[in-house]
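For reference, the structure discussed in these notes is given below.
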Amino acid sequence: MIMDKGIDFDRIDLNSQPPAAEPWRQYYFIAGLRKYVKEESERMGRRLTANVTTFGCQMNARDSEKLSGILECAGYLLTETEEADLVIYNTCTVRDNANQRVYGRLGHINSIKKKNPHMKVALCGCMMQEESVIEKITKSYRFVDLIFGTHNIFQFAELLCTMFESDRTVINIWKDTDQIVEDLPTDRKYPFKSGINIMFGCNNFCSYCIVPYVRGRERSRDPEDILKEIEALAADGVVEIMLLGQNVNSYGKNLIPPVSFAKLLRKAEEIDGIERIRFMTSHPKDLSEELIEVMKQSKKICRHLHLPLQSGSTRILQAMNRRYTKEQYLDLVGKIRKEIPDIAITTDIIVGFPGETMDDIEETIDVVKKVRYENAFTFIYSKRTGTPAASMPDQVPSEVIKQGFDKLLSTVQEVAKERAALLRGKVLPALAEEMNDQDGTLITGRLSNNMIVHFPGSPSLLGKIIHVRLKECHGFYYLGEIAEGL
Ligand code: SAH
Ligand code: SF4
Ligand code: F3S
Numbered sequence: 011m012i013m014d015k016g017i018d019f020d021r022i023d024l025n026s027q028p029p030a031a032e033p034w035r036q037y038y039f040i041a042g043l044r045k046y047v048k049e050e051s052e053r054m055g056r057r058l059t060a061n062v063t064t065f066g067c068q069m070n071a072r073d074s075e076k077l078s079g080i081l082e083c084a085g086y087l088l089t090e091t092e093e094a095d096l097v098i099y100n101t102c103t104v105r106d107n108a109n110q111r112v113y114g115r116l117g118h119i120n121s122i123k124k125k126n127p128h129m130k131v132a133l134c135g136c137m138m139q140e141e142s143v144i145e146k147i148t149k150s151y152r153f154v155d156l157i158f159g160t161h162n163i164f165q166f167a168e169l170l171c172t173m174f175e176s177d178r179t180v181i182n183i184w185k186d187t188d189q190i191v192e193d194l195p196t197d198r199k200y201p202f203k204s205g206i207n208i209m210f211g212c213n214n215f216c217s218y219c220i221v222p223y224v225r226g227r228e229r230s231r232d233p234e235d236i237l238k239e240i241e242a243l244a245a246d247g248v249v250e251i252m253l254l255g256q257n258v259n260s261y262g263k264n265l266i267p268p269v270s271f272a273k274l275l276r277k278a279e280e281i282d283g284i285e286r287i288r289f290m291t292s293h294p295k296d297l298s299e300e301l302i303e304v305m306k307q308s309k310k311i312c313r314h315l316h317l318p319l320q321s322g323s324t325r326i327l328q329a330m331n332r333r334y335t336k337e338q339y340l341d342l343v344g345k346i347r348k349e350i351p352d353i354a355i356t357t358d359i360i361v362g363f364p365g366e367t368m369d370d371i372e373e374t375i376d377v378v379k380k381v382r383y384e385n386a387f388t389f390i391y392s393k394r395t396g397t398p399a400a401s402m403p404d405q406v407p408s409e410v411i412k413q414g415f416d417k418l419l420s421t422v423q424e425v426a427k428e429r430a431a432l433l434r435g436k437v438l439p440a441l442a443e444e445m446n447d448q449d450g451t452l453i454t455g456r457l458s459n460n461m462i463v464h465f466p467g468s469p470s471l472l473g474k475i476i477h478v479r480l481k482e483c484h485g486f487y488y489l490g491e492i493a494e495g496l
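Counting from 11, one number per residue, gives the positions in the sequence shown under our numbering.
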């Protein structure tokens, strides 16, 4: 599902100099790529293929959709396999295991490239913003043809053109940017739902987290640009949108004039055709009363809030620079549950932050029991070079991490199961998202509160919102059936 902004790339004059201003400069290079891809395809007697693999979060996935959009406009056939003419890894570095996955896969790519020397390999995303990574790749993975970072992803078409003209690794990393380039083509994985960036970067500097260093300072998109994009998506058949930012609660604070996230939601709600609105992620430190009010009144904003806790111990929260206490977090949840009783609350938790003891983890478990999360993602602390936490003393012994993690996880699972069971027998609207992998007669649907329900149905229902009766609870998901007569 590609949105190419109606540009006629074949009418761009490639004999003229490339324009200096964006996005026209990139349109020029897309036109150049189209010519190259067409000629190569004719020479090889088949279409050129490209593969984009996403390693990170929703924002990383949305960036991949932008890369894919440009590749499709250039004439590439996108494939799921890495046996392609062009392979792009969009990397993540939030925890070390994300990096290790990339290195592992690069080894595999090397063996494919040996059999297929004309293949090109490009790396981008958060990991590439780290100098040590670039050093390692240029030394040990010399077969990589192009490396770029998070700030100049909009230059993808231009960088590819440079790559095809060069016989060495092209490396182009920016330290930071204040630029936001609008109106480039994007592709979407699902025809009926889409993520939308509302802001880039992060200013929070949680002491364990590398994101502010690799994504740069916070920049909000102009609300008009966001609303225009949502309108275009609605016109193209999208019914569900997810507004994306590292902390959506600080959206618009630096715009002139400032705009609140709640106000943006109100405006998005007015757009016809959009039936569901989600957002991610909401930092507890600045979730406003106005936001709770807008969610409460809204018919479109989904009954789901992802509210990362990280730790339930006030001492650890302070060391993490999260800027709330255990009590403030619990008060906030109390208010939200009171105003919006049918909301599902999910969270992220880190175990093993420097100096953490079993007592601290018990505090976290206490919060899990009190909040009664619908789901929680639990991570083992990963030391990220350059962050304040990396140089903190008292790295936690592995026995404490193991014991704490296991106890936390079993509490999370117990609580989540109990929450899910409360929905048994209810009839609720679900967005039919895809056919089930294991059983092709079942549709996988998503409830407003983000719970998954599998129910019998035909592929013609995909993309529609259907009332489903929740019959059997299987912990994190339900089996159900289409409710007749509604
Ligand atoms: N902006 C979002 C989080 C983005 S990173 C927010 O503030 O909620 C997603 C999650 O990864 C975080 O919520 C945190 O739980 C986890 N995480 C980040 N850095 C980590 C680290 N160094 N080790 C382990 N988990 C980490
Ligand atoms: Fe990282 Fe904190 Fe920013 Fe989230 S809010 S991206 S955890 S620094
Ligand atoms: Fe990873 Fe970057 Fe997202 S580090 S979690 S892909 S912002």
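Idealized CB from N, CA, C, for every residue including glycine.
Near the ligand SF4, meaning a Cβ closer than 6 Å to any of its heavy atoms, lie the following residues in chain order: 212, 214, 215, 216, 219, 221, 222, 256, 257, 293. Judged by beta-carbon spacing, residue 87 lies within the 7 Å limit of residue 57, meaning their Cβ atoms are closer than that value. Exclusion of the five residues before and after residue 337 leaves no residue of its chain whose Cβ lies closer than 6 Å to its Cβ. Taking 3 residues as the minimum length, the beta strand (DSSP E) runs contained wholly in the region 19 to 98 are 59 to 64, in order along the chain. Residue 209 has its CB no nearer than 6 Å to any heavy atom of the ligand F3S. Residue 52 and residue 130 have their C-alpha atoms spaced approximately 18 Å apart. Within the same chain, Cβ atoms closer than 6 Å to the Cβ of residue 392 are found at 105, 106, the five residues on either side in sequence being excluded. Inter-residue distance for residue 268 and residue 261 is about 9 Å (C-alpha atoms, whole angstroms). With a threshold of 16 other beta carbon atoms within 10 Å, residue 456 meets it and is buried. For residue 224, the CB stays at least 6 Å from every heavy atom of the ligand SAH. Not one heavy atom of the ligand F3S is found less than 6 Å from the C-beta of residue 63. Spatial neighbours of residue 166 in its own chain (CB-CB distance under 7 Å, excluding positions within 5 residues in sequence) are listed in chain order as 77, 80. Annotation: residue 208 is outside any alpha helix (DSSP H) and is labelled neither H nor E by DSSP. Between residue 64 and residue 94, the CB-CB gap reaches or exceeds 7 Å. Between the alpha carbons of residue 67 and residue 297 lies a distance of about 21 Å. No heavy atom of the ligand SAH is found nearer than 6 Å to the CB of residue 113. Of the heavy atoms belonging to the ligand SAH, at least one sits nearer than 6 Å to the Cβ of residue 291. For residue 415, the closest C-alpha among the options 292, 371, 185, 236 is that of 371. For residue 66, the Cβ falls inside the 6 Å cut-off from some heavy atom of the ligand F3S.
DSSP places residue 151 outside both helix and strand once states are collapsed to three, so it counts as coil. The continuous alpha helix (DSSP H) containing residue 111 extends over residues 106 to 125.
If you check the C-beta of residue 402 against the ligand F3S, you find no heavy atom less than 6 Å away. Pairing residue 480 with residue 442 gives a Cβ-Cβ distance that is not under 7 Å.
In this structure, DSSP gives residue 360 an extended state, which the three-state scheme calls strand. Linking residue 38 to residue 194 through their CA atoms gives a straight-line distance of about 12 Å.
In this structure, residue 398 has its CB at a distance of at least 6 Å from all heavy atoms of the ligand SAH. Closest by C-alpha distance to residue 404, out of 329, 132, 265, 189, is 329.
By the criterion of a C-beta distance shorter than 6 Å, residue 168 is surrounded in its chain by 39, once the five residues flanking it on both sides are discounted. In the DSSP assignment, residue 134 falls within the unbroken beta strand (DSSP E) covering 130 to 135. Taking 7 Å as the cut-off, the Cβ atoms of residue 444 and residue 454 count as close.
Per the C-alpha coordinates, the member of 464, 434, 242 positioned closest to residue 204 is 242.
Residue 415: member of the alpha helix (DSSP H) spanning 408 to 431, first to last residue.
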